[in-house]
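Undergrad:
Numbering (the working numbering), first residue to last: 137 to 364.
So this is what it looks like as structure tokens:
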């Protein structure tokens, strides 16, 4: 697999560019196109936006898979980018859901207004307002619950990443300690070998000195007997 630089991946960058392009189009579709359209056109735009959300999930999954193929030391900056894109897509999904709820509320309001007519009494108006208010509160509660769930998942993923990094650092420390122990063992062996060599050299020197002295003594003794 090609790598653009030690801390990145060409394939990851390609997925990221594809996601950015999709996110820009999806944001425009949610905040502009859907709110302006009506009828079947609006339904088609909504379906298209939902498909793009699914495509965004697939791209992020591919980015996460590519991230797993990279060395551990190169993952941290790319993990930050991935989490930012995941947050962006989650926000677009919330905006799409909120937009659909607002459009649905507006449609119900128009429907209630048509049914009630000009002569609707105050009780019916209060019931309609109460129903719309309850729907909005329910939607807000669902959004908060979804946000809390997403935050819990992100926290869990972050915690898992930290534990993985700590485990890797622990392994590195253990390996370093084992290497130092092996180095100490080699140093001790070398010291013992040098001491043995020095001792043998001293022995050889003493033996040679004794042999020379003995040879000189023999020569002197021979000369003494010859000259006597």
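No residue lacks a Cβ here, since even glycine has one placed at the ideal position from N, Cα and C.
Computed from a predicted structure; not experimentally measured.
1. Any idea what DSSP makes of residue 184, helix, strand or coil?
2. Exposed or buried, residue 344, counting other C-beta atoms within 10 Å across all chains shown (16 or more means buried)?
3. Helix, strand or coil for residue 173? Go by DSSP, reduced to three states.
4. Using three-state DSSP, classify residue 97 as helix, strand or coil.
5. What residue does the alpha helix (DSSP H) around residue 150 start on, and which one ends it?
6. Quick one: using the 10 Å Cβ neighbour count with 16 as the cut-off for buried, is residue 183 buried or exposed?
7. Helix, strand or coil for residue 277 per DSSP?
8. Quick test of the definition: if touching needs 3 or more C-beta pairs under 8 Å, does the stretch 184-191 touch the stretch 203-218?
9. Given this structure, state the Cα-to-Cα distance separating residue 306 from residue 333, to the nearest angstrom.
10. If I'm right that residue 188 touches residue 162 with Cβ under 8 Å, what's the distance once you round it to whole angstroms?
11. Check this for me: beta carbons of residue 309 and residue 235, under 8 Å apart or not?
12. What do you reckon, are the CB atoms on residue 202 and residue 147 nearer than 8 Å?
13. Just the C-alpha distance for residue 172 and residue 294, rounded to the nearest angstrom, thanks.
14. Are the Cβ atoms of residue 225 and residue 166 separated by less than 8 Å?
15. If you measure between the beta carbons of residue 159 and residue 228, is that distance less than 8 Å?
16. By how many angstroms is the C-alpha of residue 316 removed from the C-alpha of residue 323?
17. Is the beta carbon of residue 230 sitting closer than 8 Å to the one on residue 279?
18. Can you tell me the Cα-Cα spacing of residue 288 and residue 276, whole angstroms?
19. In whole angstroms, what separates the C-alpha of residue 348 from that of residue 342?
20. Could you pull out every residue in the same chain whose Cβ sits closer than 6 Å to the Cβ of residue 95, ignoring the five residues on either side in sequence?
21. State the Cα-Cα distance for the pair residue 328 and residue 312, rounded to the nearest angstrom.
TA: Let's see:
1. helix
2. exposed
3. coil
4. Outside the shown range of the chain (137 to 364) lies residue 97, about which nothing can therefore be said.
5. 146-164
6. exposed
7. helix
8. no
9. 41 Å
10. 5 Å
11. no
12. yes
13. 40 Å
14. no
15. yes
16. 10 Å
17. yes
18. 18 Å
19. 10 Å
20. Past the edges of the chain, shown from 137 to 364, lies residue 95, and the structure says nothing about it.
21. 24 Å
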